[in-house]
Amino acid sequence: EFMQAFWDIEEAQAKAIQHLASFVKDKSALPYLLTFIELITSAMKTHVDSLKLQVDGCSLLLEILSQALEQDVVMALDENVISSLLDTVRKHSENEELISLLCTLLMMISASEVAAENLREVGAIPELLSILRNFLHNEKICLSCCGVLWSLAVSEKNVDQALLRSAVPVISAVLQEHLQNGTVTESACSALWALSLQGCLTENEYEPTTALLLEALRMNPERPMLVKNACLALASLLRLSEISALRFIMDSKVSGINLIKDVYHLHFDDPEVVENICVLINEMVQYDDVVLDMLSQKMEELVFEIKCRFPSS
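Here is the structure:
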């Protein structure tokens, strides 16, 4: 009632947000705090010029949503809430600290299919791409934005192909910039996989994207999720183009076939990783030149081993 009565007074809203923040350590207060999400975002929208109120509001929302995720509380934030957050993004697009908080918040929100749909509806994709271009150096921002873009691209509903196509060079730049950071690379690979599934890559992007994914795999072979995402993205590219297949076997830095063998031996006891390796192998055998290379490197022994290890799959 206090927040509603004094909605236009910045100091009153700021004090209310600070007061609510004092309850976040008490996990039993979560149902109570959830009822304030719309009021918090409404205060942020009304007082969008106040940087401190935006930071405090964002931090409080992060705490509330983190607890909701921990306690498996399903959240589906409506379009008004998400629109308010994007207003803050636009108003404070140069403030790295606040943008980092907001991107983490958007990544959490996008886990819900309904919220992901709302993010698309209010024009989140151009904002996310702009953020990535401006803060390419920031690992946390890149991780969050790639996570949101994956959520937005992976759904088949109302996807704007032209908009998603413009994401490919940006995600590729993120991957190139952060190849040595396994967490960011993992997130970027998943986004590229979703974009390739949606048919968003142009013919000119097939070969450099294949090379980039091979490099990501070569530099981070120990990460199961990254291996799964990279294998699926590579499989998608090989399905689309023989150019990708030839780059896969003739890459100057690493042979794709040797790389597949290496990652298999690292993850041979992980059925999900092995399954995705098999998806990639299945695409490799479409092309005669690749098959010849596979035979010369005794790839059939690896396939036989997989069949013996997973007879029931």
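Counting with the UniProt record's numbering, you get residues 1 to 313 for the letters of the sequence shown. Ideal placement from N, C-alpha and C gives every residue a C-beta, glycine not left out. Predicted, not measured: the structure shown is a model, and the values here were computed from it.
One alpha carbon belongs to Ala16, the other to Asn134, and they sit about 33 Å apart. Ala162 is positioned such that its CB atom lies no closer than 7 Å to that of Gln198. By the Cβ criterion, the segment 67-76 is not in contact with the segment 96-107, since fewer than three pairs of Cβ atoms, one from each stretch, lie closer than 8 Å. Assigned with DSSP and collapsed to three states, Pro208 falls in helix. Three or more beta-carbon pairs separated by less than 8 Å link the segment 41-61 to the segment 10-24, which places the two stretches in contact. With respect to Leu213, Ala230 sits close: the two C-beta atoms are nearer than 7 Å.
Remark: C-beta atoms of Ile141 and Ser196 do not approach each other more closely than 7 Å. If you check the CB distance, Arg247 and Thr202 do not come in under 7 Å. Counting C-beta atoms within 10 angstroms of its own C-beta, Cys146 has 16 or more neighbours from the protein chains shown and is therefore classed as buried. Around Ile306, the same chain offers Val274, Cys278 as residues with beta carbons nearer than 7 Å, after the five sequence neighbours per side are excluded.
For Asn134, the three-state secondary structure derived from DSSP is helix.
By the beta-carbon neighbour count (other beta carbons within 10 angstroms, threshold 16), Glu205 is buried.
Under the three-state reduction of DSSP, Val291 is assigned to helix. Taking Val89 as the centre and dropping the five residues before and after it, the same chain places the C-beta of Leu102, Glu127 closer than 6 Å to its C-beta, in chain order. Exclusion of the five residues before and after Asp160 leaves no residue of its chain whose Cβ lies closer than 6 Å to its Cβ. Cβ neighbours of Glu63 within its own chain (closer than 6 Å, five residues either side excluded): Val24.
Rounded to whole angstroms, the separation of the alpha carbons of Asn282 and Arg223 is 22 Å.
The Cβ atoms of Trp150 and Ala116 do not sit closer than 7 Å to each other.
Unbroken alpha helix (DSSP H) runs of no fewer than 4 residues, entirely contained in the segment 231-293, are found at 242-250, 256-267, 271-284, following chain order. In the structure shown, the three-state DSSP call for Leu85 is helix. The DSSP-derived three-state label of Met75 is coil.
If you ignore the 5 residues before and after Arg165, its C-beta comes within less than 6 Å of the C-beta of Cys200, all in its own chain and listed in chain order. Residue environment: Ser28 is assigned as exposed (fewer than 16 neighbouring CB atoms within 10 Å of its CB, all protein chains considered).
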